[in-house]
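Here the protein sequences line up with chains P and W, keeping their order.
If you're matching positions, the first sequence starts at -13 in the numbering used here and goes up one per residue.
If you're matching positions, the second sequence starts at 5 in the numbering used here and goes up one per residue.
Don't be surprised by glycine CBs; every beta carbon is placed ideally from N, CA and C.
For reference, the structure is listed below as structure tokens.
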Amino acid sequence: MLKVIIEKEIRDLISSTKFIITFGACALLIMIAFYVGTTRFNLNQAYYEASRAENIRSMEGMTDWNELESNRIFLAPKPLASLVSGVSNDIGRTAVIEGRGNIPIEDSRYNEDPIFAIFRFLDLEFIFKVLLSLFAILLGYDAISGEKERGTLRLAFANALPRQTYILGKLIGTFAALSISVLVAIAAGTLMMPMMGISLSANEWIRLSLIILAGLLYAGVFLTLSVFVSSLTNRSANSFLVLLVIWVFCIHIVPRVSVLMAARSVDVLSVDEIAFQQSGLRAQLLDEFSEGMENFKFTGANDDVDALTNQLNAHMDSLSNTRDSKMQSFSSRLFEERGNGQKTQESLAFALARISPATSLSLATSYLAGTSVGLKNRFYDEAKSYQEQYGSFLKEKTGLNAGGGLRIRTSSACTAAEDKENEEAKKEKPKGIDTKELPEFKYTDVTPAESVQAAVADMGLLLFFNFIFFAGAFVAFGRYDVR
Amino acid sequence: MFITLVQKELRAIILSPKFVGTFAVCSVLIIISIFTGISEYKTMVNRYEANSELVDQELRQSTSWGRMNTKVYRAPDPMQIFVSGLDYDIGRWSSVSGERSAKLKNSAYSDDPIYAIFRFIDFSFIVQFVLTLFAILFTFNAINGEREDGTLKLVFSNSVSRAQYIIAKALGSWLGLVIPICIPILLGLLLILFYNIPLTMDHWFRIGLFLSLSLLLFTCFIILGVFISSLTKSSSVSFLTALVVWVVFIMIVPRAGVMAAGNIVRVPRIAEIEGQISGFSKGRWEQFYQKMEEGWEDKARESSHNDEQSDEMLWAKMETIDSLRREIEKEIDQYGLRLQEDLRQRKSAQEKLAFVLSRFSPASAYQLGAMALAGTDIRVKNRYEDAINEYRNQFYQYVENKQDETGDNGHIMMAITMEEDGPMDMSIKGSRSKDQLDITDVPRFVRPIVSLAETVTPVVVDFGLLILYILLSFTGAFVAFLRYDVR
């Protein structure tokens, strides 16, 4: 009997105009999302390569590693990030590495091209969150009350049919119709990726399938919810209105309001406050630095200009080091405080926002795509460890720590201005630095295990919502007046 | 008869069970949005004041005219309570330094990405997503619902012309939806007065325009609903069609338009441009050092013959070097500005195309118009960066004058004494004064002020477009209803 009901439900749905219109719209949009995602990824990849090339080009013609003042590193685009943007367009993607000190990270996509920030991008996560849920509501809102209005509910129960079997069959049938149609559209979309020259690694395939699973679980939540609401009401128009209000709240209101509420209740040290405190210290350190600079005393043989240069550079280097370490220990405390505040704020905001399944979907998919809020800190940490690598590379090349402020270079001409031989030597073209030696920045993404671990809680929550609403529908239908 | 029809329609909407629910939801949301807007604005004002204080403090703490640089923060504006627009996406401040031209950085979203996940909620958002949805919800069955109920036949058994009926229908639905919505809006405005948000006449005028723009969008979707309903026989089909149209207009067309323009008009990335600038500046500085080195060699040869003049010549030499340095800085500046100008032109071509494409949807005409009225639109970035660049010139002109006046140029003086038999010694002197600098007349940044006329001109297009869309849908509804089979 269950099989018959499922079959009937699928047949009913697939042949309805409602299904054809909504499915058509949804499938089209899913494919557009994939198409747009892949072209955007290709475009971003081209931009990324161009920026890197320009960075290397700006170093051409340098003859000494000492001339290198700063190096830029870039956060590479990821194919999954164009399907689930998360915060990847909001955070800075260029880090300026000077060898020590704070690393400024700038050029967020939306700040750079605010035109895209007005309406934001159309990505798979958005389609899932906003449209798939609407689609699910449209399929489910008249599941029970609609049959009642049409009088088919009474007919169905003229057979020897337990209510449980009926509601179970109804849910499985609708869910099957929904997920099969969505999966077809997604399959067509994923096929587009290799066709447009994007190859995903095995790791990314796993993530992508989990993202799709999260999307289906989410659609399931709205489907069971619709059937639940439909079995609470007698008229399908009412159940639709209720569902639409729930939809507006879940998608647009709850997540935003929760974050704002969390922001109000947890105080986080702002970047401006940190800058404020840092600037006080900076002025003081600058004074100390200048004083230290003036205290330089040369001890060494006369005429030994090399020794003088070395001593001076070493002196400046040590001054810079002290200044830097003082600043670092001071700021790291502040940043830690800020980080802790942010963590509390985040967990409160997410705990509140998770009342809405849309939050769980956003969080789970952004964890899986590696575009969650943590991306910013992760990029910063990676930039920091690159900075160390870069610093030690320059130290090896020049004998000095990078970014140490004032430094003297002596050219051979200075030491013996009248030396004819050297004059000629100078005319020889000095060899340029080999930029290939520069350590390369490689952003290591979170491992799939880590991202899955982060996403598991939210996917579990989605599953839990499914069960709750299913149970609700089950119980409500048990008492439903089928006449 | 006309008045009776309008009254009937009004009563039908206000007394319907769905009205209470939706009206309550809309009111709560409108008030929440204005309330969060107010508190967000207040936080931003506090932050802005603290930051300006910091900027002042940094100026006071600087010990030398030569090393002076400063920062400019973007000032909040009360209009962002209604339309936050791009305010959180665009950088909050820019440094004013000799090395590079203005660049706004650290947007609120990049500083605190937690807000970026779900973004903020504001009044324009509620209008776009919630009010339009409810407009459609109330009008999708305006005509065919009556037919299904059999009341349409009854109405036309009286002496009512079709034209009269459709106008009454549209007007009745419009009044029934617009008048109630005005209540929470007025409450929201009271909230603004209650919190003492400083609003000038200019602001009130803009708010008035903004609210009328919002009502136009609302009207547009009301009429669109009536139009769709008079095209179809069954209300379930018109409902689905209306919902699809809503999704397409609100969510798809605006994004698709912008993204298509992004693909058609390519614009280089700022990182690329900065790479070019830094390559150019490195080259120029390298030349500068070389010239300086050569100069010193010549000097060294000359001065070794004449010790007495050497100090004087040293100073003269330093001054020429200094002016050379300024020249190079200007050159690099100009190079950068040229590249940026080019970038801007391409961007504005992209924007034009994007806005033309996305304005096919009334929702984006609304969004663009609302942002322009609130001054949180895309031009805010260029406007601020231009103003900061101008300020930068002023500031440096002033600082350079001060340097010349006081002879304090922030240079570090390094002298190496090498005598034939004496010990070699080296002394370094940084130029810093122990006294505080008098910064009372340092030029201050004045936020760019846009005149009302300048704000309103681009919005005229959006007003016009919305009115056009309304007229089109109304004509559509009118024509469709004249041919409608009322049986």
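For Ser371/P, is the classification buried or exposed, using 16 other Cβ atoms within 10 angstroms of its Cβ as the cut-off for buried? exposed
Between the region 128 to 154 of chain P and chain W, which residues of the former have a C-beta closer than 8 Å to a C-beta of the latter? none
Are Ser346/P and Arg340/P closer than 8 Å when you measure CB to CB? Taking 8 Å as the Cβ cut-off, Ser346/P and Arg340/P qualify as a contacting pair.
Chain W contact residues for Phe107/P, given Cβ-Cβ distances below 8 Å: Arg259, Met263
State the Cα-Cα distance for the pair Arg350/W and Asp442/W, rounded to the nearest angstrom. 44 Å
With burial defined as no fewer than 16 other Cβ atoms inside 10 Å of the residue's Cβ, what is the status of Ala336/P: buried or exposed? As written in the sequence, residue 336/P is Phe, which differs from the Ala given in the question. Phe336/P comes out buried.
Buried or exposed (CB count within 10 angstroms, at least 16 for buried), Arg151/W: Buried is the call here.
For the alpha helix (DSSP H) that contains Glu92/P, what are its first and last residues? For Glu92/P, there is no enclosing alpha helix (DSSP H); the residue is part of the beta strand (DSSP E) that begins and ends at 91 to 94.
Given Ala167/W, which residues of its chain have a CB within under 8 Å of its CB, disregarding the five upstream and five downstream residues? Excluding sequence positions up to five before and after Ala167/W, its CB lies within less than 8 Å of the CB of Phe482, Leu486, all in the same chain and listed in chain order.
Can you check which of these residues, Ala39/P, Leu66/P, Asn52/P, is closest to Phe60/P by C-alpha distance? Ala39/P
When we look at the beta-carbon of Met322/W and count the other beta-carbons within 10 Å, is it buried (16 or more) or exposed? Taking every protein chain shown into account, the CB of Met322/W has fewer than 16 other CB atoms within 10 angstroms, so this residue is exposed.
Could you check if Asn145/W belongs to the surroundings of the ligand MN, using beta carbon to heavy atom distance under 7 Å? Among the components modelled here there is no ligand, and therefore nothing to report on the ligand MN.
Where Asn57/P sits in the DSSP three-state scheme: strand
Mind checking the region 108 to 139 of chain W against chain P and listing, in chain order, the residues whose C-beta falls within less than 8 Å of any C-beta there? Leu108, Lys109, Asn110, Ser111, Tyr113, Ser114, Asp115, Asp116, Pro117, Ile118, Tyr119, Ala120, Ile121, Phe122, Arg123, Phe124, Ile125, Phe129, Phe133, Val134, Leu137
Out of Ile89/P, Arg86/P, His301/P, Ile260/P, which has the shortest C-alpha to C-alpha gap to Arg324/P? Answer by Cα proximity: Ile260/P.
Touching by the beta-carbon criterion (3+ pairs, under 8 Å), the region 142 to 159 of chain W and the region 234 to 252 of chain W: yes
Residues of the region 89 to 100 of chain P in Cβ contact with chain W at a cutoff of 9 Å, in chain order, please. Pro90, Ile91, Glu92, Asp93, Ser94, Tyr96, Asn97, Glu98, Asp99, Pro100
In whole angstroms, what separates the C-alpha of Ser455/W from that of Arg288/W? Their Cα atoms are separated by approximately 41 Å.
Give me the residue from Thr295/P, Gly278/P, Glu277/P, Ser276/P with the minimum Cα distance to Thr285/P. Thr295/P
Beta carbons nearer than 9 Å to chain P: which residues of the region 244 to 255 of chain W have them? Leu244, Thr245, Leu247, Val248, Val251, Val252, Met255
Examine chain W for any beta-carbon lying closer than 8 Å to the beta-carbon of Lys383/P, and answer yes or no. no
Could you pull the start and end residues of the beta strand (DSSP E) that Arg465/P belongs to? Where Arg465/P is concerned, there is no enclosing beta strand (DSSP E), given that its DSSP letter is neither H nor E.
Work out the CA separation of Phe478/W and Gly137/P for me, nearest whole Å. 38 Å
Using a Cβ-Cβ cut-off of 8 Å, state whether Thr287/W counts as contacting chain P. Here residue 287/W is Gly; the residue named in the question, Thr, does not match the sequence. Interface residue, yes.
Determine whether the Cβ of Ala355/P lies closer than 8 Å to any Cβ atom of chain W. no
Can you give me the start and stop residues for the alpha helix (DSSP H) that Gly72/P sits inside? Gly72/P -> no alpha helix (DSSP H), and no H or E assigned at all.
May I ask which residues mark the beginning and end of the beta strand (DSSP E) holding Ser98/W? 95 to 100
Quick one: measure Cβ to Cβ for Val463/W and Ser362/W, integer angstroms, because I've assumed they're closer than 8 Å. About 16 Å; that fails the 8 Å criterion.
Determine, using beta-carbon pairs with one atom in the region 124 to 134 of chain P and one in the region 277 to 295 of chain W, whether at least three such pairs fall under 8 Å. no
Using a beta-carbon distance cut-off of less than 9 Å, what residues from the region 256 to 268 of chain P approach chain W? Ser256, Val257, Asp258, Glu259, Ala261, Phe262, Ser265, Gly266, Arg268
In whole angstroms, what separates the C-alpha of Glu355/W from that of Arg383/W? 10 Å
Beta-bridge pairing of Tyr77/W - partner residues as DSSP gives them: Trp97/W
Which residues of chain W have a Cβ atom closer than 8 Å to the Cβ of Leu(-1)/P, listed in chain order? Neighbours of Leu(-1)/P in chain W, taken as residues at a C-beta separation under 8 Å, are lacking, since the least C-beta distance is about 14 Å.
Whose C-beta lies closer than 6 Å to the C-beta of Phe27/W among residues of the same chain, with five residues either side of it excluded? Pro184
Return the bridge partner residues of Leu26/W from the DSSP annotation. The question names Leu, but residue 26/W in the sequence shown is Thr. Residue pairing for Thr26/W: DSSP places it in no beta bridge.
Note down the Cα distance separating Val240/P from Leu9/W, rounded to an integer number of angstroms. One Cα belongs to Val240/P, the other to Leu9/W, and the distance between them is close to 40 Å.
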